[in-house]
Amino acid sequence: LPDDLSLEKLLSLRLESQYGIVAARSRYERQRADEQLTRSANRPQATLEGRLRYVEPGDLATENDQHDDHRAGLSLRQKLFDFGRQNDREAAAAARVDSARLAFLDETKRQRLALLQAYFDVLLADQRYQTLNERMAIFFIRYDRARDRRELGQTSDYDIAVFERDYQEVLLERSQADADRRLTRRRLAELAGRPDSLPRDLEAPDLSALFEREVPAVDALIDTALERDLRLKALRRQRDGSEAALKAARAGNLPSVHGEINADYYTREGATRDPFRAGVYLKFPLFRGGAHDAEIAAAQADRMAAVADLAERESAIRRYATELVEMIRLYQTAGQQRVVALENFAELNFMRKQTLYQMEKAADLGDAMVEMSVAQLERKRTTYALAMRWAELSLLTDQSLTTVLLGSVENSEGASGATEDAS
Numbered sequence: 001l002p003d004d005l006s007l008e009k010l011l012s013l014r015l016e017s018q019y020g021i022v023a024a025r026s027r028y029e030r031q032r033a034d035e036q037l038t039r040s041a042n043r044p045q046a047t048l049e050g051r052l053r054y055v056e057p058g059d060l061a062t063e064n065d066q067h068d069d070h071r072a073g074l075s076l077r078q079k080l081f082d083f084g085r086q087n088d089r090e091a092a093a094a095a096r097v098d099s100a101r102l103a104f105l106d107e108t109k110r111q112r113l114a115l116l117q118a119y120f121d122v123l124l125a126d127q128r129y130q131t132l133n134e135r136m137a138i139f140f141i142r143y144d145r146a147r148d149r150r151e152l153g154q155t156s157d158y159d160i161a162v163f164e165r166d167y168q169e170v171l172l173e174r175s176q177a178d179a180d181r182r183l184t185r186r187r188l189a190e191l192a193g194r195p196d197s198l199p200r201d202l203e204a205p206d207l208s209a210l211f212e213r214e215v216p217a218v219d220a221l222i223d224t225a226l227e228r229d230l231r232l233k234a235l236r237r238q239r240d241g242s243e244a245a246l247k248a249a250r251a252g253n254l255p256s257v258h259g260e261i262n263a264d265y266y267t268r269e270g271a272t273r274d275p276f277r278a279g280v281y282l283k284f285p286l287f288r289g290g291a292h293d294a295e296i297a298a299a300q301a302d303r304m305a306a307v308a309d310l311a312e313r314e315s316a317i318r319r320y321a322t323e324l325v326e327m328i329r330l331y332q333t334a335g336q337q338r339v340v341a342l343e344n345f346a347e348l349n350f351m352r353k354q355t356l357y358q359m360e361k362a363a364d365l366g367d368a369m370v371e372m373s374v375a376q377l378e379r380k381r382t383t384y385a386l387a388m389r390w391a392e393l394s395l396l397t398d399q400s401l402t403t404v405l406l407g408s409v410e411n412s413e414g415a416s417g418a419t420e421d422a423s
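Going by this note's numbering, the sequence shown opens with residue 1, and the numbers climb by one from there.
Structure representation (structure tokens):
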């Protein structure tokens, strides 16, 4: 990670080596391999066989002095017809591949979202450290002045103990905040897949436009999310695959027809040893010890699970979309008003303390600087919380994170770019 990391740089980072994305990619590649394996069952099969053998001919053998019984054979086999069972298996495999691909794209966006949250956590940790550092300085000055007054007999040991207690409390909070600065940077580097390069300086983005952006209607957002959510699309394809697999399982006891051509060479001749054979063969399972019923039951269970997962995700989307709209409205109204009130108070308090200091009615500015830092911290908390809600909305509707947050087009994070990379 660069030492001076901005939000634009963060969103443009390539995450191929990030462990969550690598795991999702491996599941996708595994499904592709399984699909190739399934399709191979319907393709021509060629087998070359050979044998080197020594025999002692029996008394009735026509060539009782021939001990070499070697053989070389070539077989070609092709499935001709199986009542659509293979087509259903291939359809199920293709649906599972598509589901894994969509899940991979969804995981990529979720990792990007987690990276964004980690970025905001670092900025908040830095601001909180600054606030507590200023507060610690004020408490230390008060404690130090109290010790000076004690030497002059102007204060008691009890008062000194109170000042020292308050100072040690804020010193501990400041030390914890300093540790949080390092811990949040470590988490950011780990999520980015770059554990050896912790960022030093992070640039606070200008996200003020998010407070003015129009919030979509709940019903419209739900309809869009039900149509575009990547995880939901993956579950739909998983359901399609389970239905195709169930059809294939139900056809498991139907006959199959295949053609076969054999060419053989023998060192010993025999009445049943033909150098060439070609035929069409019928295979009709009569009894498989209950395997057919078990296959159907397993496929039905998989389909039930897929349908349940799909319904659960649809319900979660409706609840989640409603929550996002309500939270965005909350931050844009009450959250924004609270921050403005804090900033207004901090500014007026600073002006008041500054006037008292200039009139020599106050020894210092007191907690005025701390109040301004607190207002800045709350401004960032509200802004970043709002930004995360917009980012989650972009995930739900499969939009570019960069476009939603910064208003610029970033194809690499859009559905088309990610799909092209996955394929």
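Positions of the beta carbon are idealized from the N, C-alpha and C atoms, including for glycine.
Residue 114 versus residue 188: straight-line alpha-carbon distance, rounded: 9 Å
Reduced DSSP category for residue 83 - H, G, I as helix; E, B as strand; rest coil: coil
Whole-number beta carbon distance between residue 258 and residue 79, since they are thought to touch under 8 Å: 5 Å
Given 8 Å, three or more beta-carbon pairs between the segment 396-405 and the segment 335-350: no
Spatial distance of residue 167 from residue 105 (CA atoms): C-alpha separation (whole angstroms): 50 Å.
Cα-Cα separation between residue 414 and residue 199, rounded to whole angstroms: With a pLDDT of only 40 at residue 414, under 50, the local geometry of the prediction cannot be trusted, and the value read off the model is given with reservation. If I take the Cα positions, the gap works out to 26 Å.
DSSP bridge partner residues for residue 281 (one or two, in chain order): In the DSSP output, where bridge partners are listed per residue, residue 281 has 258.
C-beta contact flag for residue 386 and residue 320 at 8 Å: no
CA-to-CA distance, residue 302 to residue 373, given in whole angstroms: 56 Å
Boundaries (first-last residue) of the beta strand (DSSP E) holding residue 47: Counting along the chain, residue 47 sits inside the beta strand (DSSP E) bounded by residues 45-51.
Reduced DSSP category for residue 34 - H, G, I as helix; E, B as strand; rest coil: Residue state, collapsed to three classes: helix.
Span of the alpha helix (DSSP H) around residue 376: 368-396
Reduced DSSP category for residue 71 - H, G, I as helix; E, B as strand; rest coil: strand
3-residue-minimum beta strand (DSSP E) runs that sit fully inside the segment 73-138, ordered along the chain: DSSP runs (the beta strand (DSSP E)) wholly in the segment 73-138: none.
Exposed unless 16 or more other CB atoms sit within 10 angstroms - verdict on residue 205: buried
Span of the alpha helix (DSSP H), counted from its first residue to its last, around residue 315: Its alpha helix (DSSP H) spans residues 291-330.
Validate contact between the segment 246-257 and the segment 273-291 using beta carbons, cut 8 Å, 3 pairs: Yes: at least three Cβ pairs fall under 8 Å.
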